[in-house]
Each structure stands twice: as C-alpha cells, then as structure tokens.
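Student: My questions all concern the structure below.
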Amino acid sequence: MNNNYSLYLIKSTLCFVVFILIFQNFAFSQKGKNGVDNFSQQNFKAAIDDLKPLLKKDSLNAENNYKLGICYLNTNIDKSLAIKYLEVASKQTKIDGTIWFDLGRAYLLNYKFEDAINAFKKFKSTPEVKDDPYMPSTRMIEMCENAVELMKKPINVSFKNLGIEINSAFPDFGAYVPTDESFIVYSSKRPGNSGGLQDFDGFTTSDILYSTQKNDKWLKGKSLGININSPLVEETAGLSADGNNIFVFVDNAEGLNDIFISNRKGKTFQKSVSLGPMINGSEVESSAALFPDGKTLIFSSDRAENNYGGKDLYISNKLPSGEWGKPVNLGDVINTKYDEDFPYLASDGKTLYFASQGHNSMGGFDYFKSVWDEKANSWSDAMNLGYPLNTTDDEKTISFSASGRYAYISALRKEGFGDMDIYRVTFNDIAPLYTVIKGVLLNKDSSNVFEIKPVAIDSVAIKDSINLAKEQKNKSTNKKNVPKKVEVKVEKPVVESKPVIQLSIINKITQKIVGVYTPNNITGKFTIILLPGEYSLVCESNKYQKYTEDITIREEGVGNNEMSKTIFLNQNAEIKK
216 MNNNYSLYLI KSTLCFVVFI LIFQNFAFSQ KGKNGVDNFS QQNFKAAIDD
266 LKPLLKKDSL NAENNYKLGI CYLNTNIDKS LAIKYLEVAS KQTKIDGTIW
316 FDLGRAYLLN YKFEDAINAF KKFKSTPEVK DDPYMPSTRM IEMCENAVEL
366 MKKPINVSFK NLGIEINSAF PDFGAYVPTD ESFIVYSSKR PGNSGGLQDF
416 DGFTTSDILY STQKNDKWLK GKSLGININS PLVEETAGLS ADGNNIFVFV
466 DNAEGLNDIF ISNRKGKTFQ KSVSLGPMIN GSEVESSAAL FPDGKTLIFS
516 SDRAENNYGG KDLYISNKLP SGEWGKPVNL GDVINTKYDE DFPYLASDGK
566 TLYFASQGHN SMGGFDYFKS VWDEKANSWS DAMNLGYPLN TTDDEKTISF
616 SASGRYAYIS ALRKEGFGDM DIYRVTFNDI APLYTVIKGV LLNKDSSNVF
666 EIKPVAIDSV AIKDSINLAK EQKNKSTNKK NVPKKVEVKV EKPVVESKPV
716 IQLSIINKIT QKIVGVYTPN NITGKFTIIL LPGEYSLVCE SNKYQKYTED
766 ITIREEGVGN NEMSKTIFLN QNAEIKK
C-alpha cells in the first residue's frame, strides 16, 4: 500500500470508530456489491458508490453523511463536496465532537480559513476529545494562519501539465528529472501495471514509469520493467541530479517500507538493491537524495533513535567498504515534531529541498528549502517556497532543472486528467537561459551566397577583332594609311552586385517581430540569440526566393545553449534566366 498515509488518514478511521458507536442503531448495509466494507478498508473511492444510494433513501442520515464526507476528504474527486456532507452530519443533536476536526480540515482544504479556525476551536472545546498527535487542532489553526500570510505574497510561477503521454485519469505522482531534463521517472497507479493487483485504496498497486523527449515532446510513459517493478508496490523515492541513480520505495516481497537503489547503465536501470541495514530498519524509510559526489546520502525515516517526532531527515556517509555508515539526524533546523520527507539535493550540492508538515506549512506537506553554510557548518532556516506552489493540500516531491527556473511536481489541479498529475513549473522571476543560433547561408549547390561571379569575357569576339585589324592592314596600299599600331578595345567584365539579404525572427504566438538580422556579406554567416519560445525564421532577399522555417527554443537546463543551422537558398526565377 502507499507508504505515505498521513496521520490525518489514521485519525479519520479512529474518529469513525467513535462516531459509529453513537449511530449504531442505523441498520443500513454499507457493504459494496462484493460484500466488502470499503469504508473500513479505506477504499474511499469505492465507498462513495456504496454510500450514495443509501443517502438517496435517507438524505439526513448522520452516519452516512459523515462517511461520505470523509470519503471526499480523502480522495481526489472533489474535496469541496466533503463540506456539504460533514455539515449535515454536524447538525445532528447527538454528535461526537471529533466531526469538528474533519469539518475544519474540509474548510482548510477549500481555503475557508475563518470557518476552519472556528471548527477547530469547537473541536478543542468539546469535553470528550483532546488535542493529540492524531487530531492536532492547535497545529491546524496555525496552518490556517500560515496560509493567510503566505497567500498575501504569492510567488510568480506558472504550471504546465505534461499531457496525456505522461498523465492519466489515475494517480500519477513522484516525478523526478535529472538537471538536463532529458528524461522523467514517476509513479503511477494506472491499470496495466505489473500484476494488476488492487491496493487498499482501490487503485492498482503503483509502478515506476519512464519517458524521454523527442522533438521537445514527451513520449508515452513506459514501465521500467522487472528490474524495478513487481506486482506489489514500487514508488519513486528520489533521483540523483545527474540521473544515474534512482531511489525506489518498495513494499513488496523483497523489502517492507524500504529504500532500494538502481544504477543507470546506458539507457537501462539495473536491478534495484537495498541500501542496506544502516538505512533500512524495521521502521518506514520512504525517500532519499544523493550528494553529487555519490558519497553522502540524506533519507527520511520514522525510526525512534534521535528522532524529533514523526519522520525525520538523516544523513549518512559511505564507508570505504561501500556500505553506508551510521545515520545522523539533520537536526532541529530541518526536522520538527511533525513529518519531514522527500529530500532533494540541487546540483550545487548544498541546496536542500524537502517536504514538511512542520515549520510554517500552510496545510499538510509543503515544499521547503535550506542551504548549507560551510563557514557556519550548519543548515539555514527552512524557507517555505510559497503559494501557489504550496497549497492547503499535500506537496511532496520536487526536482529542478540546472538553472532552477523549472521544477517538476505532482499536483491536483482543475485542468488535470482526474487525479494527481505531473506538472512542469516555471519560476518566472528566474531569467530563462538564452540560446545562441550560429548559422550560414548557402546556395543550393553549397556555394557562398555572397560569392561574386564576374561575367566571362568572350574570347572568340576578341580574336575576331584582332583578325579584322590584320586584314585591314594587308589591304592597305598606301603606306601612310597603315596604322602604326592596332588597338583592340576590350571592355571590363560586368561584375554582378551582391545580394541584399535580411533575416527576421517572428514570435509565433504574438506574431510580432522580435529581431532583424543581417548576415556577414562576405562569409554568409549569422548569429541570432533567442529566449525559449516558438518562432518563425524568415529569410528575404532581392535575388533569392523567400525562405521560412519554424524554430522551437527551449531551455535544456545545462548552461547557455547553442544551435547550428545551415540555410540553403534558391535563386529567384528571373535571375536564373
């Protein structure tokens, strides 16, 4: 099953156990067609179909309204529907106070912060309940307040869904790319995965998929195969910045809630193996990040030793034997009494991104950033990456291009395909990298378009002129009429003028000219510098036919890019005559 069930999900089940005792007199059967109580098994997606017919018979049934609200709260169908059903249940005279916690959660997820705070306060004031790690109402109020503050200063980001080749109507999540964005690995719970087994949540057990780009478009995601996937659970748990090492969370026959690693060889990832006993214990280890030198590892674990609470991030160094050494907790600058998970190290080897339910999270897991200070020998204070990258729901995995302008995340958004989808995020305040196009203009026969070809002198005509002069001399009888010398006048050859050539770059979206360029009139070479985008290159000349070509410029993520281009021009018809 998924390794990241939150405390909230556990809490919902515990709440229901208490709640059901109050409404034990209701006799409706809530089992599905297969006789399984989907709600109790946390298959909330299937439980929705079980509960809807029951509410048609009795729309005010508190128990079924409560259950249906919990179902919508813990699925990605439409979390706003949870409010409707939980509000109905909360108006019953005999009501357990725990419902106010769930209703507060529903309000928080739907950005109704004032209502959420009031609901959490009602929960705290209910005599029969108490604030505990499973129902931390005080913390939830803090999250509401954090959300209000973070939303006052939104960051400038935009989101692009990677499309149907990567995403599906089922959960697609845990996306990682190397810094050059040459490929992507991600988890998916879609039909057709290895074994086709159903997980507890009603979806197929997760597999890891892989895709590359062709002509700047992602190809259809495909399974990484039996070296990585099995009929049980495998999820992406991290990727090194160079893309040569993938970390895999496994809950299968080989490992129980452990982290495995697979090394890339050519285009293939090798058989994944355990990170060893120092990393994997009897607890849950769910994600990892590797420093660029490959000798240091950061990973998440809920082990009791040196733990601040929940999952913490730990660091381990590789020993001369190749095994990983004893882990050390990263400390309270990073870790809190809540969960920290999904570390990601930027290619600079000192910038750490991670997900946390602590610090100033605005709801569930948020993305945070910390930078290692070599002089101080410590991590900087965790900084929330901001709204709308972070939301009132969970944000977990993130990976970046080399420039930091682009990131890959999984998110639940209105424009998605039905569940969690993979998105490419653009941080618009980070300047995009330029692409330099170095090109040359040539004739169709590969000769220089500016090469001057003088008109050939007619040698036959010159020879005829000389012969005519000799004949005139021989015919002359009068010596004084004989010219002293014969002059043959030969005019200079006609030299053709150089062509006039101009290159224009037009933005295909705005149809505006973004630049006009003149090639070197000796070599025919030209240089064009462009930002990422879709363009048309138009070459016009008084002696050559018009040439047009579409150009797509994208940031590859590794330094400033350079392209080579050779353009062959055809002469105008009238010039060819």
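Residue numbering for the sequence shown follows our numbering, beginning at 216 and increasing consecutively. Glycine is no exception: its CB is placed at the ideal position from the N, C-alpha and C atoms.
The alpha helix (DSSP H) with residue 284 in it runs from where to where?
Tutor: It spans 277–288 - the alpha helix (DSSP H) in which residue 284 sits, taken as one unbroken run.
Student: Looking at residue 406 and the ligand SAH, is the gap between the Cβ and the nearest heavy atom below 7 Å?
Tutor: The model on display carries no ligand, and the ligand SAH is accordingly not part of it.
Student: Measure the beta-carbon distance from residue 663 to residue 739 and round it to whole angstroms, keeping in mind my assumption that it falls under 8 Å.
Tutor: At roughly 5 Å, the Cβ-Cβ gap stays under 8 Å, so residue 663 and residue 739 are in contact.
Student: When you compare each of 526, 753, 483, 335 to residue 441 by their alpha carbons, which one comes out closest?
Tutor: Selected option, being the one with the closest Cα: 483.
Student: Assign residue 386 to one of two classes, buried (16 or more other C-beta atoms within 10 Å of its C-beta) or exposed (fewer than that).
Tutor: It is buried - the Cβ of residue 386 has at least 16 other Cβ atoms within 10 Å.
Student: When the Cα atoms are used, what is the spatial distance from residue 661 to residue 783?
Tutor: Cα to Cα, residue 661 sits roughly 7 Å from residue 783.
Student: Looking only at DSSP bridge pairs, what is residue 428 linked to?
Tutor: Answer is 433, bridged to residue 428.
Student: Quick one: grab the DSSP three-state call for residue 227.
Tutor: For residue 227, the pLDDT reaches just 46, beneath the cut-off of 50, and the residue's location in the model is therefore unreliable, although a value from the coordinates is still provided. In the structure shown, residue 227 sits in a helix (DSSP, three-state: H, G or I).
Student: Note down, one range per segment and in chain order, each alpha helix (DSSP H) of at least 4 residues found wholly within the region 291–348.
Tutor: As far as the region 291–348 is concerned, its whole alpha helix (DSSP H) runs of at least 4 residues are 296–305, 314–324, 328–340.
Student: Distance check for residue 603 and residue 596, CA to CA, integer angstroms please.
Tutor: Going by the C-alpha atoms only, they are around 21 Å apart.
Student: How is the alpha helix (DSSP H) around residue 740 delimited, first residue to last?
Tutor: It is not in any alpha helix (DSSP H) - residue 740 instead sits in the beta strand (DSSP E) that spans 740–745.
Student: Just verifying my parser: in three-state terms, what is the DSSP assignment at residue 652?
Tutor: The answer is strand: DSSP assigns residue 652 an E or B state.
Student: Classify residue 484 as helix, strand or coil using the three-state DSSP reduction.
Tutor: Note: residue 484 maps to strand in three-state DSSP.
Student: For residue 460, which residues in the same chain have their Cβ closer than 8 Å to its Cβ, ignoring the five residues on either side in sequence?
Tutor: The residues are 454, 476, 477, 478, 479, 505, 509.
Student: Which of the three DSSP states, helix, strand or coil, is assigned to residue 715?
Tutor: In this structure, residue 715 counts as coil in the three-state DSSP scheme.
Student: Looking at the strands, I want to know which residues DSSP matches up with residue 543.
Tutor: DSSP, once it has assigned bridges, lists 530 as partnering residue 543.
Student: Count the other CB atoms, across all protein chains shown, that sit within 10 Å of the CB of residue 605; report buried if there are 16 or more and exposed otherwise.
Tutor: It is buried - the Cβ of residue 605 has at least 16 other Cβ atoms within 10 Å.
Student: Could you spell out the range, first to last residue, of the beta strand (DSSP E) harbouring residue 361?
Tutor: Per DSSP, residue 361 belongs to no beta strand (DSSP E); it is in the alpha helix (DSSP H), 352–366.
Student: Below 8 Å between beta carbons: does that hold for residue 399 and residue 426?
Tutor: Yes; because the gap between Cβ atoms is below 8 Å, this pair is in contact.
Student: Pull up the distance between the alpha-carbon of residue 474 and that of residue 527, whole angstroms please.
Tutor: Their Cα atoms are separated by approximately 15 Å.
Student: By how many angstroms is the C-alpha of residue 486 removed from the C-alpha of residue 451?
Tutor: Using only the alpha carbons, I get a separation of about 14 Å.
Student: Please report the residue range of the beta strand (DSSP E) in which residue 374 lies.
Tutor: Start and end: 372–376.
Student: For a minimum of 3 consecutive residues, which ranges assigned as the beta strand (DSSP E) are wholly contained in the region 587–641?
Tutor: You should have 613–615, 621–626.
Student: Measuring straight from C-alpha to C-alpha, what distance separates residue 779 and residue 651?
Tutor: The alpha-carbon atoms of residue 779 and residue 651 are separated by roughly 9 Å.
Student: Tell me the DSSP secondary structure of residue 272 in three-state form.
Tutor: Residue state, collapsed to three classes: helix.
Student: Return the CA-CA distance between residue 281 and residue 303, expressed in angstroms with no decimal places.
Tutor: Looking at the two C-alpha atoms, the distance is approximately 8 Å.
Student: How many Å lie between residue 291 and residue 343 at the Cα?
Tutor: Cα-Cα distance, rounded: 31 Å.
Student: Measure the beta-carbon distance from residue 372 to residue 612 and round it to whole angstroms, keeping in mind my assumption that it falls under 8 Å.
Tutor: Actually they are not in contact, since the Cβ atoms of residue 372 and residue 612 sit about 16 Å apart, beyond 8 Å.
Student: Indicate the three-state DSSP secondary structure (helix, strand or coil) for residue 464 in the structure shown.
Tutor: Here residue 464 sits in strand by DSSP.
Student: Contact check, residue 580 vs residue 593 under 8 Å by CB: the rounded distance?
Tutor: Actually they are not in contact, since the Cβ atoms of residue 580 and residue 593 sit about 24 Å apart, beyond 8 Å.
Student: What is the residue span of the beta strand (DSSP E) that residue 778 lies within?
Tutor: 776–784 is the extent of the beta strand (DSSP E) around residue 778.
Student: From this set, 313, 321, 311, 314, which residue's C-alpha is nearest residue 295's C-alpha?
Tutor: Ranking the options by Cα distance to residue 295, first place goes to 321.
Student: In this structure, does DSSP put residue 438 in helix, strand or coil?
Tutor: Residue 438 falls in the strand class under three-state DSSP.
Student: Between residue 470 and the rest of its own chain, which residues show a CB-CB distance below 8 Å, the 5 nearest in sequence each way excluded?
Tutor: Around residue 470: 489, 495.
Student: Taking the straight line between their C-alpha atoms, what separation do you get for residue 718 and residue 752?
Tutor: Rounded to whole angstroms, residue 718 to residue 752 spans 7 Å at the Cα level.
Student: The beta strand (DSSP E) spanning residue 729 covers which residue range?
Tutor: First-last of the beta strand (DSSP E) with residue 729: 728–732.
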